[in-house]
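Student: Okay, so the sequence shown: first residue is 482 according to the numbering used here, each after it adds one. In this text, a Cβ means the ideal position worked out from N, Cα and C, and glycines have one as well. Once you've had a glance at the structure underneath, I'll fire off some questions.
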Amino acid sequence: MAAPEADSLEALYDAFASMNMEGGWHRKFPALWPEPRRNFLPHVWRYAEVKPILDRAGRLVDTAQAERRNLTMFNPVEGNVYSTVRTIVAAYQMIRPGEVARAHRHTPNALRLILEGRGTYTVVDGSQVEMRPGDVLLTPNWAWHSHANGGGEDCYWMDFLDVPLVHLMEPMFYQPHPAGLEADVTELAEAPIAFRWEDTLAALDAEQARVGEGAPASVTLGPAQLDTIALRMMRIPAGVETASLRTTANNIFAVVRGNGTTVVDGQAMEWRFGDTVAIPAWRPFTHHAAEDAVLLQVTDEPVLAKLGWLRTETP
Ligand code: GTQ
Ligand code: FE2
482 MAAPEADSLE ALYDAFASMN MEGGWHRKFP ALWPEPRRNF LPHVWRYAEV
532 KPILDRAGRL VDTAQAERRN LTMFNPVEGN VYSTVRTIVA AYQMIRPGEV
582 ARAHRHTPNA LRLILEGRGT YTVVDGSQVE MRPGDVLLTP NWAWHSHANG
632 GGEDCYWMDF LDVPLVHLME PMFYQPHPAG LEADVTELAE APIAFRWEDT
682 LAALDAEQAR VGEGAPASVT LGPAQLDTIA LRMMRIPAGV ETASLRTTAN
732 NIFAVVRGNG TTVVDGQAME WRFGDTVAIP AWRPFTHHAA EDAVLLQVTD
782 EPVLAKLGWL RTETP
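Laid out in structure tokens, this is it:
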């Protein structure tokens, strides 16, 4: 009878590898850790630097070449080429007078914050609404949407989409509209997908009266129509600082009015009109307004909340 082969740990680990398996105790990289790693980096993109680049793109690239003339902001964390924070991508987009951005639909949810320019309309599932500075417009999952500039001014806005989350979970579907544009279109002054700047200001005034002058006031743009992204407008009076906060949610803040500084994990980032501030999960932050400021908060909070993973602390 042959002697049994001497077994060894080395041979065992070779067997794991040959079966595409690994021992939990042998893995080189831990699978669990005590609290969120801060992978993505705090970062700010400045509109004053982006706008001339968009204008150059406007001269060099037309809407035949680019269905959308958009510039996405990728977080500078190693290995990332797309996402602004883990779950959300933000972009600047510009459309010139007479241009049409053809209709399409996709499973990622999207929204826009208009920065400058009048006379541009978006069509969402047959509803045509004007996009004016300060407005926020929604394009929910699978809604047809196109944009057209029928005015005389270049129009600039910011897009936010949950594309990185869709990449992670894989349910990506995208379709160009077979006819290029929707046929049945109704022009509407107001629509549930449109949050008008005047209405936001009125809501902020009411909230300011409730919390008192000299305190930050925050209103939700609702009722929520996007399953993955929550939206808040936050007004911070000049000289006021918001309470330090850290949350498992990922946040992007867009500057609608005023200027100030955000300190994230001890790093100070100044901002002014049109800037984009990325605040990845679990990094403590405070905003300070140098002059009266309004920030749009774009957050994946609903995803974390639905899954039982939303934790917020005031360190
Ligand atoms: O305007 O439909 O920035 O589909 C990225 C993807 C904008 C849009 C973006 C899009 C759009
Ligand atoms: Fe789109």
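By the 10 Å Cβ neighbour count, where 16 or more other Cβ atoms means buried, how is W623 classified, buried or exposed?
Tutor: Exposed, because fewer than 16 other Cβ atoms sit within 10 Å of the Cβ of W623.
Student: Is I595 helix, strand or coil when you go by DSSP?
Tutor: I595: strand per DSSP, three-state reduction.
Student: Looking at the ligand GTQ, does it come within less than 6 Å of N731, judged from the CB to the closest heavy atom?
Tutor: For the ligand GTQ, not one heavy atom lies less than 6 Å from the Cβ of N731.
Student: Since H648 is in the alpha helix (DSSP H), which residue starts that stretch and which ends it?
Tutor: Start and end: 644-650.
Student: For S499, does the three-state DSSP call read helix, strand or coil?
Tutor: Here S499 sits in helix by DSSP.
Student: Does R508 come out as helix, strand or coil in the three-state DSSP assignment?
Tutor: The answer is coil: DSSP assigns R508 none of H, G, I, E or B.
Student: What are the partner residues of V779, as DSSP defines its beta bridges?
Tutor: Bridge partners of V779: L712, I733.
Student: The beta strand (DSSP E) that contains E679, what's its start and end?
Tutor: Segment 678-692 is the alpha helix (DSSP H) holding E679; no beta strand (DSSP E) there.
Student: Let me check one thing: in DSSP terms, what residues is H658 bridge-paired to?
Tutor: H658 is not bridged to any residue.
Student: Starting from Y528, trace the alpha helix (DSSP H) in both directions and tell me its first and last residue.
Tutor: 528-541 is the extent of the alpha helix (DSSP H) around Y528.
Student: Would you say the beta carbon of D640 comes nearer than 6 Å to a heavy atom of the ligand GTQ?
Tutor: Flag set: Cβ of D640 near the ligand GTQ.
Student: Kindly indicate which three-state DSSP category L785 falls into: helix, strand or coil?
Tutor: In this structure, L785 counts as helix in the three-state DSSP scheme.
Student: Which whole-angstrom value describes the C-beta separation of P761 and F555, a residue pair presumed to lie in contact below a C-beta threshold of 8 Å?
Tutor: Not a contact, Cβ separation roughly 13 Å.
Student: For N731, count neighbouring C-beta atoms within 10 Å of its own C-beta (all shown protein chains included) and say buried if the count is 16 or more, exposed if not.
Tutor: Buried, by the Cβ-count rule.
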